Amino acid sequence: MATMRDIKGRIRSVTTTKKTTKAMNLVSSAKMARARGKLNAASPYFSLVRRAISDILKTDAKLIEHPAFEGFRTIKKTLVVVIANDRGLCGGYNANITKLAANLAVQLSDEGKEVAFITIGNKARDFMRRSGANIVKSYFGISESPSMEDAREIVEEIVEQYENGDYDEVYVCHTQFVSAISYIPTALRLLPMSAEDFKDEDDRKIDIMKFEPSTEEVLSYAIPKYLGTAMFECMITSAASGQGATMTAMDSATENAENIISDLTLMLNRVRQAAITQEISEIVGGANALS
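Mapping of the sequence shown onto my numbering: residues 9 to 299, in sequence order.
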């Protein structure tokens with residue numbers, strides 16, 4: 009049986025772990041709130057850009073023949089962007105999104121397409137590297153607190169490769185934030201775009217308008233803005249989901265630590281009581297022997 013000294017040492021160790029997990033829970037909660045604030049701030053801009061493209065397409069349906077839209081080229085090579093955390097301790101968050109990316113790669117390969125990857129976050133890179141995937145570029149240190157500039161930098165490189173014909177299709181595997189305890193791994197096709205992506209649910213009508221210098225140039229200007237905000241939304245929802253997953257995991261770890269401390273305290277009391285009982289028995293035995 010463990011001694012009181014051993015049990016006290018284990019209680020101190022678990023107490024220290026509990027303090028760490030509690031602190032990590034609070035930090036993740038604050039980071040998740042900041043990520044949600046960024047998402048809420050960017051949402052109006054994203055909606056505005058999307059609506060602008062929708063209005064342009066309603067003005068001139070022939071613009072759907074733009075290279076950024078589907079049907080313009082045969083799809084043979086696909087680029088998949090995978091967004092995960094730089095660190096672990098977040099439950100199944102990283103495993104779920106990397107599993108989705110792996111399944112998507114298998115599906116695309118079965119369709120006869122060549123698949124390459126861009127990874128955002130250490131965990132995404134590590135998983136795809138272990139699976140033998142073709143990783144063309146990796147980004148670190150931005151997955152937990154992405155900025156619009158980070159998203160634009162990534163999209164500019166993707167669009168350049170798409171326009172050069174290096175890739176015919178681009179997917180983004182990210183995690184859609186629902187709540188602090190709920191998030192959904194999602195694969196979004198970023199390029200080529202579909203006219204259905206810009207179809208208004210209310211099917212609203214627009215006034216006759218003229219675009220300067222031309223509808224083609226306005227559309228060409230708006231599409232990179234749309235792709236940048238779409239990528240930022242994917243990155244920021246993934247960041248919020250990752251922090252929510254970490255918060256949940258650390259909350260569970262803190263609760264488990266409390267249960268372990270409770271069990272160890274009970275064990276310590278039993279060992280202490282047994283020691284006291286033994287001492288009393290020895291004293292009584294010795295007194296009886298003397299008498």
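Ideal Cβ positions, reconstructed from N, Cα and C, are used throughout, including at glycine.
Just so we're clear, the structure is a prediction, and the values are computed from it rather than from any experiment.
According to the neighbour-count rule (16 or more other Cβ atoms, all chains shown, within 10 Å of its Cβ), is LYS178 buried or exposed? What you label residue 178 is simply residue 170 of the sequence shown in a count that begins at 1. For the sequence presented, residue 178 should be read as Val rather than Lys. Buried, since its Cβ has 16 or more Cβ neighbours within 10 Å.
Quick one, are the C-beta atoms of ILE19 and THR273 less than 8 Å apart? The residue labelled residue 19 in the question sits at position 11 within the sequence shown. The residue labelled residue 273 in the question sits at position 265 within the sequence shown. Taking 8 Å as the Cβ cut-off, ILE19 and THR273 qualify as a contacting pair.
With a threshold of 16 other CB atoms inside 10 Å of the CB of LYS131, please say whether the residue is buried or exposed. Here residue 131 refers to the residue found at position 123 when the sequence shown is read from its first residue. Of the residues assessed, LYS131 falls on the buried side of the cut-off, its CB having 16 or more other CB atoms within 10 angstroms.
Nearest-angstrom Cα distance between ARG58 and LYS233? Translated into the one-based positions of the sequence shown, residue 58 becomes position 50. Translated into the one-based positions of the sequence shown, residue 233 becomes position 225. Computed Cα separation, rounded: 9 Å.
C-alpha gap between LYS26 and GLU266, whole angstroms: Here the question's residue 26 lines up with position 18 in the sequence shown. Here the question's residue 266 lines up with position 258 in the sequence shown. Going by the C-alpha atoms only, they are around 7 Å apart.
If you scan the region 173-204 from start to end, which runs of the beta strand (DSSP E) of 3 or more residues do you find wholly inside it? The qualifying runs are 177-187, 190-199.
With distance defined between alpha-carbon atoms, name the residue in LEU298, PHE206, GLU119 nearest to LEU56. By one-based count along the sequence shown, residue 56 stands at place 48. Across the set LEU298, PHE206, GLU119, the C-alpha of PHE206 shows the shortest separation from the C-alpha of LEU56.
In whole angstroms, give me the CA-to-CA distance for VAL300 and ASP63. Nothing can be reported for residue 300: it is not among the residues displayed for the chain, which extend from 9 to 299.
Under three-state DSSP, which class holds LEU87? As a first step, residue 87 is located in the sequence shown; it is residue number 79 there, counting from the start. It is a strand residue.
Just list the beta strand (DSSP E) runs in the region 101-128, keeping only unbroken ones of 3 residues or longer that don't cross its boundaries, in chain order. You should have 122-128.
Assuming the contact rule is C-beta atoms closer than 8 Å, TYR147 and ILE128 should be a hit. Round their C-beta distance to whole Å, please. Along the sequence shown, one-based indexing puts residue 147 at 139. Along the sequence shown, one-based indexing puts residue 128 at 120. Contact annotation, TYR147 with ILE128: C-beta distance approximately 5 Å; criterion of less than 8 Å satisfied.
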